[in-house]
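Q:
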Ligand code: URP
Ligand code: ZN
Ligand code: ZN
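In the numbering used here, the protein residues as written are 2 to 465.
Right, here's the structure in full:
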């Protein structure tokens, strides 16, 4: 039986048009008018917009980090994503020190198996390189993985050195694998953090003050220089500031294969949010810990640069870096010392709605650009082109029906993540994904969860 979504307005990265969309065996089989035939299941989308399901290429579900584990697993995180109109995500499989990439991937497959509700893939974060692991990079595409990540920050934990970075870029280039980089100068940050702690500067706001934008700019420039020398493609994750953006812009104007994303939250918050006072009894002065992530929040001037970046395509993707930690039970690991606050913020459910609100409704870019940033570009950059990221014949029928008249107030009480706060608490949006499909199967039906646990599929991605 075919499904036909009738009377809706289809949005792609280049067009907006009224059309019916026909779905057969999980894929879009036709787009046109009057497609419904006798026996078809018909969904009336009159007054609704059909957007490609969002693709969030930067998430950390069920990830051990900062002395704890991120609070969403592959079920709660997927449910939250689905309610927010996201139907695919790429998560970071972290190489456990002393283990192979294959074994690390096995662990991450185990985390998702039987729980997934949306489709997913993995990047592998290299934390412990030796000759064997280096060679393993070439085997990743055969395992459906076409991206690796390296961290230039988190000294003593995930950070790698420049030798490792250079070797990874070289090997990845030859293997058709995209290298992603967390670009902050971890060595310099480590000194600044130790100095702040020694002086007794222990409150959350010192997280931002010890990770200045120049050190993100420097590390971004260093990573780009290595990639350019090697002719390797590079993707800079969670870019936050003008210091880093200018490096990306210059490299792109030289024609280098340098790409970058920012994350939703960097448009909305500044380092001042780390000094917020809250109402939670006993934790009033600790409220800012909710906004502790790396790189940290910057200034309004940086936010303006980021908006310009997404308009110019120097920033091609907006993802979340969803890495949730409960305020009362997990962020409090750093109650006495900001350096022990688990780094990370939630946002997988909010990304599309708040970006639509501030970006499209705020007049900063149009709906097509919104689709490009949240679905089409991520698919193209990460080996999912032709499968995900657009509403087009032959593509997976990952479709979100948006009611652009529906108003919603973001709140933790109405959210689906396994976390006790929401960064955007109280923010009013207009435009909500009400019905969401993954490969033609409805997972959220008019605001109600109908997904089957375990129905999400692992995506084997193409080489880059
Ligand atoms: O603070 C963050 N971003 N936590 C998640 C790990 C990372 O750096 O992406
Ligand atoms: Zn990072
Ligand atoms: Zn991250």
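Positions of the beta carbon are idealized from the N, C-alpha and C atoms, including for glycine.
1) Taking three-plus beta-carbon pairs below 8 angstroms as touching, is the region 64 to 71 in contact with the region 23 to 34?
2) Run the proximity test for residue 295: is its beta-carbon closer than 7 angstroms to any non-hydrogen atom belonging to ligand 2?
3) Would you say the region 237 to 250 touches the region 270 to 281, given that touching needs at least three Cβ pairs under 8 angstroms?
4) Taking only three categories from DSSP, how would you classify residue 104?
5) Give me the Cα-Cα distance between residue 337 and residue 181, rounded to the nearest whole angstrom.
6) If you draw a straight line from the C-alpha of residue 466 to the C-alpha of residue 305, how long is it?
7) Report all residues from its chain with a CB closer than 7 angstroms to the CB of residue 84; omit the five preceding and five following residues, and keep chain order.
8) Give a yes or no on whether the C-beta atoms belonging to residue 448 and residue 435 are separated by under 8 angstroms.
9) Do you know how far the Cα of residue 238 is from the Cα of residue 206?
10) In whole angstroms, what is the alpha-carbon distance linking residue 293 and residue 328?
11) Identify the continuous beta strand (DSSP E) that holds residue 220 and give its terminal residues.
12) Look up residue 397 in the DSSP assignment and give the residues it is bridged to.
13) Report the rounded CA-to-CA distance for residue 169 versus residue 262, giving the unit in angstroms.
14) Less than 8 angstroms between the C-beta atoms of residue 393 and residue 386, yes or no?
15) Distance, Cα to Cα, residue 428 vs residue 222?
16) Can you name, in chain order, every residue of its own chain whose Cβ lies under 8 angstroms from the Cβ of residue 333, other than the five neighbours on each side?
17) Here's the rule I'm using: 16 or more other beta-carbon atoms within 10 Å means buried, otherwise exposed. How should residue 211 be labelled?
18) Between the alpha carbons of residue 311 and residue 374, how many angstroms are there, rounded?
19) Please return the same chain residues whose Cβ sits closer than 7 angstroms to the Cβ of residue 209, not counting the five positions on each side in sequence.
20) Using 8 angstroms for Cβ pairs, my map puts residue 125 next to residue 146. What's the rounded Cβ distance?
21) Identify the continuous alpha helix (DSSP H) that holds residue 169 and give its terminal residues.
22) Mapping DSSP to helix, strand and coil, what is residue 80?
23) Between residue 73 and ligand 3, is there a pair consisting of the residue's CB and a ligand heavy atom that are separated by less than 7 angstroms?
24) Ligand 2 heavy atoms versus the CB of residue 237: any closer than 7 angstroms?
25) Please return the same chain residues whose Cβ sits closer than 7 angstroms to the Cβ of residue 129, not counting the five positions on each side in sequence.
26) At a threshold of 7 angstroms, does residue 186 count as lining ligand 5 (C-beta to nearest heavy atom)?
27) Alpha carbon to alpha carbon, how far is residue 279 from residue 177? Give it in angstroms, no decimals.
28) DSSP state of residue 335, grouped into three classes?
29) Whose C-alpha, out of 163, 325, 376, is nearest the C-alpha of residue 424?
30) Tell me the residue span of the beta strand (DSSP E) that contains residue 148.
31) Could you tell me if the beta carbon of residue 448 falls within a distance shorter than 7 angstroms of some heavy atom in ligand 1?
32) Compute every distance between the C-beta of residue 242 and the non-hydrogen atoms of ligand 1, then say whether any falls below 7 angstroms.
33) I want to check one thing, is the minimum distance from the CB of residue 183 to the heavy atoms of ligand 1 below 7 angstroms?
34) My output table needs one value for residue 96: the three-state DSSP class, helix, strand or coil.
35) Name the residue from 140, 148, 187, 174 whose alpha carbon lies nearest to the alpha carbon of residue 159.
A: Judging by the given coordinates:
1) no
2) yes
3) no
4) helix
5) 33 angstroms
6) Any answer about residue 466 is impossible in this case: the structure gives the chain only from 2 up to 465.
7) 350, 417, 445
8) yes
9) 23 angstroms
10) 11 angstroms
11) No beta strand (DSSP E) contains residue 220, which is instead part of the alpha helix (DSSP H) from 214 to 231.
12) 28
13) 20 angstroms
14) no
15) 35 angstroms
16) 284, 287, 290
17) buried
18) 8 angstroms
19) 272, 275, 297, 298
20) 6 angstroms
21) 163 to 176
22) helix
23) no
24) no
25) 96, 98, 99
26) This structure lacks ligand 5; its bound ligands are ligand 1, ligand 2 and ligand 3.
27) 48 angstroms
28) helix
29) 325
30) 148 to 152
31) no
32) no
33) yes
34) coil
35) 187
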